[in-house]
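Here the protein sequences line up with chains A and B, keeping their order. Heads up, the first sequence is in the UniProt record's numbering, so the first residue is 1 and it goes up one at a time. Heads up, the second sequence is in the UniProt record's numbering, so the first residue is 1 and it goes up one at a time. Yeah, the Cβ is synthetic: ideal placement off N, Cα and C, and Gly gets one too. Remember, predicted model here, so these are calculated numbers, not experimental data. Note sheet for the following structure.
Protein chains: 2
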Amino acid sequence: MISRDEALNIILQETPLGNVEEKYILDSLSRVLSEDIYSKDNLPPFSKSAMDGYAIKSEETAEALREAPIEFNITGIIKAGDFFEGELQKGEAIRIMTGAPLPKGADAVIQFEKVKIEGISLFVYDKVKADRNVIKRGEEINSGDLALAKGTVIRPFEIGLLASLGYSKIPVYRTPTVALIITGDELINIEEELYPGKIRNSNEYTLISLLKNAGLKPISFGLVKDNKNLIREKIEEALKVSDIVVTSGGASKGDYDFVEDVLVELGADIKFNSVAIKPGKPLTFAVVKDKLFFSLPGNPLAAINTFQEFIIPACDKFMGKKRCTDILPVILKDDYNFKKGKRMYIYVNIQKVNGVYYGYRIGWQSSSGLASVTEANGVVIVPEEKSCVKSGEILNGYFIFS
Amino acid sequence: MISRDEALNIILQETPLGNVEEKYILDSLSRVLSEDIYSKDNLPPFSKSAMDGYAIKSEETAEALREAPIEFNITGIIKAGDFFEGELQKGEAIRIMTGAPLPKGADAVIQFEKVKIEGISLFVYDKVKADRNVIKRGEEINSGDLALAKGTVIRPFEIGLLASLGYSKIPVYRTPTVALIITGDELINIEEELYPGKIRNSNEYTLISLLKNAGLKPISFGLVKDNKNLIREKIEEALKVSDIVVTSGGASKGDYDFVEDVLVELGADIKFNSVAIKPGKPLTFAVVKDKLFFSLPGNPLAAINTFQEFIIPACDKFMGKKRCTDILPVILKDDYNFKKGKRMYIYVNIQKVNGVYYGYRIGWQSSSGLASVTEANGVVIVPEEKSCVKSGEILNGYFIFS
């Protein structure tokens with residue numbers, strides 16, 4: 001049995017960075033850039049008006065006064081999308097719309113609301129400074145500038161910027177293909193009525209939804225009977241089509257033995273088969289034919305906990321992503337006792353009152369069922385060396401699935 | 001111009017709750033249950049062993065001592081998935097696997113590690129309490145119990161529970177169909193080279209990715225020229241196929257006029273056309289033919305800000321979802337000045353040091369570009385009554401897109 005930190009280190013050590021693929025920007029949400037992206041243009045590509053108003057030469061307003069306005073001749077209009085070929089002359093003003101290019105010769109825009117119009121005459125009552133209401137060419141970014149650095153996670157901001165720079169495709173790290181295999185003679189399909197000795201195959205659904213929740217598309221091989229040959233067949237198939245194979249044992253020791261037997265037959269390098277955490281101790285991690293292999297405990301909450309703690313970080317690393325869970329100080333509202341030596345994950349309902357996070361006990365926490373854990377919105381972590389925690393203690397915690 | 005709170009209230013007032021649809025559980029992730037779900041079974045459906053060990057009658061171990069173990073006859077084995085028809089007799093023990101049903105007559109399981117085996121004899125050295133290592137029938141949930149309440153957001157926990165209860169389909173609120181229309185003569189397709197007066201149509205991509213990010217699938221009508229008839233045609237088409245229509249104006253006043261003209265022609269109830277926020281003041285909200293209509297500002301960050309502040313909450317309400325942004329105290333690291341009277345959204349880079357959140361200025365914040373905002377991972381809110389904020393001030397903030 002190794003510690004959670006050792007286990008995670010071993011897993012990350014063995015996890016490769018995924019290959020690079022070109023993706024259409026709208027399909028790259030949450031992916032990670034594999035190269036620096038440079039701007040090929042100046043943005044904005046021209047100095048433009050930030051307001052609806054009149055483009056003028058600012059120096060001409062130097063003496064403008066409420067009692068003695070400066071008069072300009074309105075000689076034209078520039079709409080957004082237009083381009084004015086000529087040059088603004090002394091004494092002239094051009095009506096200009098927000099986003100429209102500033103005409104040559106002009107260096108400021110005065111808003112509609114601040115002027116008076118009489119026929120084609122414009123009266124300006126206040127001094128206008130140079131660059132007033134002008135967004136200058138290249139103010140956002142210049143041609144040749146770094147727009148997005150390698151390693152950037154693509155969010156709506158980045159997609160907008162890439163579109164404005166003319167990038168419709170970008171190089172990103174591939175997502176891992178994760179194959180699921182569920183074993184256990186006690187399992188029946190979820191549509192079936194229960195009969196003696198049987199429970200429904202819920203883990204397949206839980207694991208698929210955990211992968212979906214992480215933006216990944218799993219390949220599920222469904223339910224396999226507790227038969228060594230069948231299990232070996234499925235594992236070999238899964239290894240061929242995926243980067244990561246995840247099995248969920250039935251709950252029995254015998255099931256697990258089959259998976260380990262198969263791993264040995266396939267020449268797997270079994271890194272560990274037990275981690276000092278609860279829920280989730282019986283976790284096996286191996287490298288088989290250059291693929292990552294996880295055998296998860298069959299108990300539903302143990303499967304979820306190990307999945308979140310170990311498989312998500314492996315998937316993140318494959319995609320070039322850094323995790324950024326916001327760890328919060330959570331005050332426990334209940335006492336808990338347990339054997340020391342394992343890192344405990346207490347699933348709780350976190351409520352924030354006056355800026356302080358409190359963690360409330362959920363109904364009945366057992367790794368064998370999920371009914372109570374549906375009340376949880378977070379987890380608090382109890383370090384390995386503790387055998388009890390009391391109401392009022394502050395522990396590290398975080399929100400989950402939010 | 002109305003306040004942000006008034007604007008949001010008006011929008012939510014007008015937003016209906018979506019209809020109910022039946023969804024396959026794996027397609028219901030992040031949806032909201034529209035009915036209470038009751039258990040039709042006891043879970044577990046039978047008392048079962050939590051360990052690999054031996055099923056016994058606990059009372060027989062009452063006198064067990066290290067020096068004087070109690071001997072049992074091992075009479076069989078029960079694997080997970082099996083069902084034992086007989087009844088355990090006095091003096092008998094049955095080998096039992098984790099998850100296997102406890103045989104009739106037994107009330108406890110003693111682990112492998114705690115016993116000694118000689119042939120078919122089992123020796124127990126310690127008193128075993130009743131119910132030891134037994135997960136009792138119905139311990140997780142009983143037939144007829146409420147499993148998930150109406151209004152529950154479906155997460156992997158809930159999907160696992162539903163699967164274990166035999167629900168493959170559940171009733172959830174529908175997601176809104178959101179139609180996008182982008183207007184502006186200054187816009188060209190993102191693959192095109194820039195030419196005088198033109199910028200690329202980035203807002204369509206930004207808005208589609210904001211919707212995707214919220215788990216929604218938009219219908220995009222793409223780019224429409226600044227022509228009243230064309231705009232009217234597209235808006236009418238969009239109203240037919242969607243619940244919410246979103247237009248992104250070109251940046252010019254003229255564009256916006258066309259949209260407002262069309263709204264008036266269509267008999268729209270225009271609720272407001274300006275909100276006291278920055279970025280995002282020129283936001284129009286209307287109800288047209290029972291559909292919600294938002295005309296967003298054309299400036300990229302203003303479009304994002306209004307989308308997150310107003311359209312996401314409307315979509316959430318439609319789906320029956322309650323928002324739960326974790327509002328954090330963020331200490332500003334820079335000074336900012338602005339005109340008072342608007343709620344300011346300062347996009348910042350939030351860094352947490354020793355449990356304290358600090359908000360750092362990003363390069364160049366303007367609602368007309370997204371280059372700097374790619375450095376932001378959060379927002380801080382400056383209340384309407386302030387005209388400046390200083391480094392060291394604590395403001396409400398939150399993480400975005402994380």
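Can you list, in chain order, the residues of its chain with a C-beta nearer than 6 Å to that of residue i? Leave out the 5 residues immediately preceding and following it.
i, result
"residue 61(A)", "70, 124, 127, 128"
"residue 112(B)", "52, 53"
"residue 305(A)", "279, 280, 345"
"residue 211(B)", "178, 218"
"residue 46(A)", "101, 137"
"residue 244(B)", "176, 178, 292"
"residue 266(B)", "288"
Quick one: residues in its chain with C-beta nearer than 8 Å to the C-beta of residue i, no 5 flanking neighbours on either side, listed in chain order?
i, result
"residue 390(A)", "332, 335"
"residue 276(B)", "1, 2, 3, 4, 341, 342, 343, 384"
"residue 64(B)", "70, 124, 125, 126, 127, 128"
"residue 396(A)", "327, 328, 329, 330, 380, 381"
"residue 104(A)", "84, 86, 87, 88"
"residue 223(B)", "182, 183, 184, 187, 189, 201, 204"
Would you mind working out which of the options sits nearest residue i, comparing C-alpha positions?
i, options, result
"residue 73(B)", "67(B), 90(B), 65(B), 84(B)", "90(B)"
"residue 97(A)", "50(A), 272(A), 106(A), 116(A)", "50(A)"
"residue 13(B)", "377(B), 369(B), 317(B)", "317(B)"
"residue 249(A)", "157(A), 274(A), 203(A), 213(A)", "203(A)"
"residue 38(A)", "120(A), 149(A), 392(A)", "149(A)"
"residue 16(B)", "319(B), 118(B), 347(B)", "319(B)"
"residue 56(B)", "193(B), 75(B), 197(B)", "75(B)"
"residue 363(B)", "357(B), 374(B), 356(B)", "374(B)"
So which residues of chain B does residue i contact, with C-beta pairs closer than 7 Å?
i, result
"residue 29(A)", "209, 212, 213"
"residue 168(A)", "190, 191"
"residue 82(A)", "197"
Residue i versus chain A: which residues are under 8 Å apart at the beta carbon?
i, result
"residue 101(B)", "196, 197"
"residue 5(B)", "Chain A residues near residue 5(B): none, gap ~21 Å exceeds 8 Å."
Can you find the residues in the same chain that come closer than 7 Å, C-beta to C-beta, to residue i, ignoring five residues on each side of it along the sequence?
i, result
"residue 153(B)", "30, 32, 321"
"residue 146(B)", "36, 38"
Please confirm if residue i has its CB atom under 8 Å from at least one CB of chain A.
i, result
"residue 359(B)", "no"
"residue 402(B)", "yes"
"residue 95(B)", "no"
"residue 186(B)", "yes"
"residue 36(B)", "no"
"residue 326(B)", "yes"
"residue 397(B)", "no"
"residue 46(B)", "yes"
"residue 329(B)", "yes"
When you compare the CB of residue i with every CB in chain B, is at least one pair closer than 8 Å?
i, result
"residue 355(A)", "yes"
"residue 332(A)", "no"
"residue 61(A)", "no"
"residue 251(A)", "Any reading at residue 251(A) must be qualified, since the residue scores a pLDDT of 46, below 50, and its modelled position is unreliable; the value itself is stated next. Yes, because at least one Cβ of chain B sits closer than 8 Å to the Cβ of residue 251(A)."
"residue 315(A)", "no"
"residue 323(A)", "no"
"residue 126(A)", "no"
"residue 343(A)", "no"
"residue 218(A)", "no"
"residue 369(A)", "yes"
"residue 171(A)", "no"
Give the residues of chain A in contact with residue i, contact being defined as C-beta atoms less than 7 Å apart.
i, result
"residue 41(B)", "194"
"residue 205(B)", "25, 26, 159, 160, 163"
"residue 156(B)", "206, 209, 210, 213, 304, 401"
Taking residue i as the query, report the chain A residues whose CB atoms sit under 9 Å from its CB, ordered along the chain.
i, result
"residue 202(B)", "159, 160, 161, 162, 163, 164, 165"
Going along chain B, which residues have a C-beta under 9 Å from residue i?
i, result
"residue 318(A)", "The contacting residues do not exist; residue 318(A) stays about 20 Å from chain B at best."
Residues of the region 131-152 of chain A with Cβ closer than 9 Å to any Cβ of chain B, in chain order:
135, 139, 140, 141, 145, 147, 148, 152
Can you give me, in chain order, the residues of the region 371-392 of chain B that have a beta carbon less than 7 Å from any beta carbon in chain A?
371, 373, 374
Name the residues in the region 282-308 of chain A whose C-beta lies less than 8 Å from a C-beta of chain B; which are they?
298, 300, 304
Please list, in chain order, the residues of the region 61-80 of chain A that have any C-beta partner in chain B closer than 7 Å.
79, 80
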